[in-house]
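Numbering (the numbering used here), first residue to last: 5 to 271.
Structure (structure tokens):
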């Protein structure tokens with residue numbers, strides 16, 4: 005375990021929730037080198053490898069959400085990330101994914117893991133952190149980082165600044181779709197998603213319109229496993245990275261620097 009006792013863990017979670025609460029829903033970061041990490045889902049080894057790569061390359065870190073559920077080391081993974089956030093609040097950034105919600109944690113394992121390992125009442129301390137995580141980050145004024153995708157009900161990124169944090173399940177459809185939406189290479193506009201009610205897929209036309217109006221050059225997102233761990237679509241303007249090895253794919257991350265994007269293997 006990463007924590008010495010339950011008292012120290014409780015203090016860590018309280019301090020992390022307070023720190024995240026002070027962050028706005030849309031972050032802005034200017035940095036010469038940033039490592040962007042996709043879903044880890046309890047893949048503690050990939051998280052440690054990402055931290056090591058960032059240290060070696062002198063890179064800041066942006067994690068795109070989905071830290072828990074499914075994988076074997078969910079507690080270790082999220083506690084490690086919250087510790088790193090507290091140690092280096094201006095160096096490590098933790099965005100919210102669709103699995104930082106009560107419904108997903110009840111269905112895919114994290115609630116049970118916390119209750120079994122720590123006892124009754126502890127899950128709320130983790131949810132206090134999840135509900136305050138930002139929804140998106142603008143890197144170097146032209147790269148948008150988020151978990152899912154472009155939402156249907158906005159013209160540009162300025163709407164992200166008005167989003168409300170602090171809910172177990174985002175009630176604003178814009179916030180919900182940032183966590184859940186997926187790109188669709190074969191359809192135009194917005195359409196229904198197999199993920200469920202309220203979730204949408206978005207085509208290249210609405211994607212490019214949103215990016216142009218927002219002054220963005222590249223969108224980096226996670227949310228979907230890729231056979232090679234990453235994939236570019238929409239004329240290389242949208243990059244999906246996936247960083248969890250438990251889907252039978254190589255975990256990858258994206259290192260953003262002066263020369264563009266370098267794909268990093270986290271195995």
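Note that beta-carbon positions come from the ideal geometry of N, C-alpha and C, so glycine has one too.
| Item | Value |
| --- | --- |
| With 16 as the cutoff for other CB atoms within 10 Å, does residue 136 come out buried or exposed? | buried |
| In the region 80-123, which residue ranges form an unbroken beta strand (DSSP E) of at least 3 residues, counting only runs that do not cross its ends? | 96-98 |
| Can you tell me the Cα-Cα spacing of residue 85 and residue 189, whole angstroms? | 33 Å |
| Going by DSSP, what residue range makes up the beta strand (DSSP E) through residue 14? | That residue, residue 14, is in no beta strand (DSSP E); its alpha helix (DSSP H) goes 10-25. |
| Is residue 127 helix, strand or coil by DSSP? | helix |
| DSSP beta-bridge partners for residue 43? | 246 |
| Three Cβ pairs or more, each shorter than 8 Å: is that satisfied between the region 190-202 and the region 214-221? | no |
| What's the gap between the Cα of residue 70 and the Cα of residue 184? | 11 Å |
| Using only the alpha-carbon positions, how far apart do residue 34 and residue 146 sit? | 10 Å |
| Can you tell me the Cβ-Cβ gap for residue 43 and residue 226, rounded? I've got them flagged as a contact below 8 Å. | 5 Å |
| List the residues that DSSP assigns as beta-bridge partners of residue 235. | 244 |
| Measuring CA to CA, which of 56, 179 and 143 is closest to residue 221? | 143 |
| With a CB to CB cut of under 8 Å and the five nearest residues on each side skipped, what residues in its chain are close to residue 148? | 140, 141, 142, 161, 215, 218, 220, 222, 223 and 224 |
| Which partner residues of residue 266 appear in the DSSP bridge assignment? | 259 |
| Using a Cβ-Cβ cut-off of 8 Å (strictly less than) and excluding sequence neighbours within five positions of residue 159, which residues of its own chain qualify? | 214 and 217 |
| Which residue comes first and which comes last in the alpha helix (DSSP H) that contains residue 177? | 177-184 |
| Suppose contacts are defined by Cβ-Cβ distances below 7 Å. Is residue 268 in contact with residue 38 by that definition? | no |
| Looking only at C-alpha atoms, which of 87, 173 and 124 sits nearest to residue 17? | 87 |
| Quick check on DSSP: helix, strand or coil for residue 199? | coil |
| Between residue 157 and residue 178, which are expected to be in contact by the criterion C-beta below 8 Å, what is the C-beta distance as a whole number of angstroms? | 5 Å |
| Run through DSSP, which three-state label would residue 157 get? | coil |
| For a test of the three-state rule: what should DSSP assign to residue 52, helix, strand or coil? | helix |
| Assuming residue 119 and residue 127 are in contact, meaning their beta carbons sit under 8 Å apart, how far apart are those beta carbons, in whole angstroms? | 6 Å |
| How many whole angstroms separate the CB atoms of residue 106 and residue 14, which I take to be in contact at a CB cut-off of 8 Å? | Contact doesn't hold; Cβ gap of about 20 Å is too wide. |
| Who are the Cβ neighbours of residue 209 in its own chain at under 8 Å, not counting the five residues just before and after it? | 192 and 193 |
| Hey, would you say residue 167 sits closer than 7 Å to residue 28, going by beta carbons? | no |
| Taking only beta-carbon positions, decide if residue 44 is within less than 7 Å of chain C. | The structure shown contains no chain C, having only a single protein chain. |
| In chain order, what residues of the same chain have a beta carbon less than 8 Å from the beta carbon of residue 238, not counting five sequence neighbours either side? | 187, 189, 208, 211 and 212 |
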